[in-house]
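Down below is the structure, laid out as structure tokens.
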Amino acid sequence: MSQLEIGHVYKSFGENNVLNDLSFSVKEGEFVALLGPSGSGKSTLFRIIGGISQPSSGKVMLNGENITGKRGSISYTPQSPSLMPWRTILDNVLLGQEIAGKRDVQRALQMIERAGLGGFEKSYPHELSGGMQQRVSFIRSILSPQSLILLDEPFSALDEFTRLDMQKWLLSIWAEYKRSILFVTHNIEEALFLADRIILLSSRPATVKCEFTISFERPRDEAILLSDEFLQWKKRIHQAMKEET
Ligand SMILES: Nc1ncnc2c1ncn2[C@@H]1O[C@H](COP(=O)(O)OP(=O)(O)O)[C@@H](O)[C@H]1O
Ligand SMILES: [Mg+2]
């Protein structure tokens, strides 16, 4: 059964048509990448799915319930890590749970440790690097009670080495916690390395161009990045991006 169902979503800002009849779905436990060029409307779509903004028309359904324009049903992580500067790392991590009315400090501390951030529980966000702050944002999402997590280009600001580490870390956490993830990126390799399925968006106004099912075995190792099959996939997706719809 599909967990998330996006049905005929349109969005315009005045004359600027940004989303044009977008429909797709995400299944329980699936890792889906939403791949599209910069400025195509990916963050706009995410704000609509997260209930932060209203579509001009169309629907967002979660487990059969209409959640269009409703916040809190999905764990939404915006494009830049939105940590609260006046809260410690531990208190930032616990935020998603607090909103839901429960605090599991033990589990939060375990996750902080697993993320390689042991010893930083009482630090403040400005004392951490960009990559470390990203990890804190993730832990917060993973520990939130919602079963679907939206991540908006979480690694785009990181250098290539840190990014690969973070991708591997995300996959290991996802394998353990089995949440559904909808992950926005403009990076073809990143989408291929992470996702079960790639939904390719056109440039603005964004619509779904096509979908690809990516069947690289899991757990995925970085060695696949150098395989012929990976290169073939990259070519195929490049080609599809260039084609007119
Ligand atoms: N609040 C807003 N008001 C007016 N225009 C907006 C607003 N948010 C986004 N846009 C426009 O929507 C388009 C897509 O932006 P965005 O969703 O951020 O793209 P992406 O995340 O794919 O890079 C841009 O042309 C941007 O100017
Ligand atoms: Mg964006």
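Remember, this note's numbering sits 5 above the position in the sequence shown when you count from 1. Even for Gly, the Cβ is constructed at its ideal location relative to N, Cα and C.
S142: member of the alpha helix (DSSP H) spanning G135 to L148, first to last residue.
Nearest to K75 by C-alpha distance, out of Q84, S142 and V65, is V65.
In this structure, ligand 1 has no non-hydrogen atom nearer than 8 Å to the beta-carbon of L40.
Any heavy atom of ligand 1 counts here; residues with a Cβ closer than 5 Å to one of them, in chain order, are F18, V23, S43, G44, S45, G46, K47, S48 and T49. Residue pairing from DSSP places R202 in a beta bridge opposite V37 and T218. With fewer than 16 other CB atoms across the displayed protein chains lying within 10 angstroms of its CB, M89 is exposed.
Within a 10 Å sphere around the beta-carbon of K16 sit 16 or more other beta-carbons, which makes this residue buried. One Cα belongs to F235, the other to F198, and the distance between them is close to 9 Å.
With 16 or more other CB atoms across the displayed protein chains lying within 10 angstroms of its CB, E158 is buried. Nearest to P150 by C-alpha distance, out of R184, K239, S128 and E70, is R184.
When the Cα atoms are used, D26 and E10 turn out to be separated by approximately 13 Å. The C-beta separation of L39 from F188 comes to about 7 Å, placing the pair in contact by the 8 Å criterion.
V189 is bridged by DSSP to L39 and D157.
Non-local C-beta neighbours of L148 in its own chain, meaning closer than 7 Å and more than five positions away in sequence, comprise V98, G101, Q102, R112, A113 and M116, ordered along the chain. Ligand 2 never approaches Q172 closely enough for any of its heavy atoms to be under 8 Å from the residue's Cβ.
With a contact defined as Cβ atoms closer than 8 Å, K32 and S7 qualify at about 6 Å.
DSSP, reduced to helix, strand and coil, places D164 outside both helices and strands of the structure shown, so it counts as coil.
By the neighbour-count criterion, in which 16 or more other beta carbons inside 10 Å mark a residue as buried, V110 falls on the exposed side. Straight across, the Cα-Cα distance linking I79 with G56 is about 8 Å. In this structure, E158 has its beta carbon less than 8 Å from a heavy atom of ligand 2.
The beta carbons of I94 and G77 sit no closer together than 9 Å. Contact between V23 and P224 is ruled out by a C-beta separation of about 37 Å, above the 8 Å threshold. DSSP places S30 in the strand class (E or B) of the three-state scheme.
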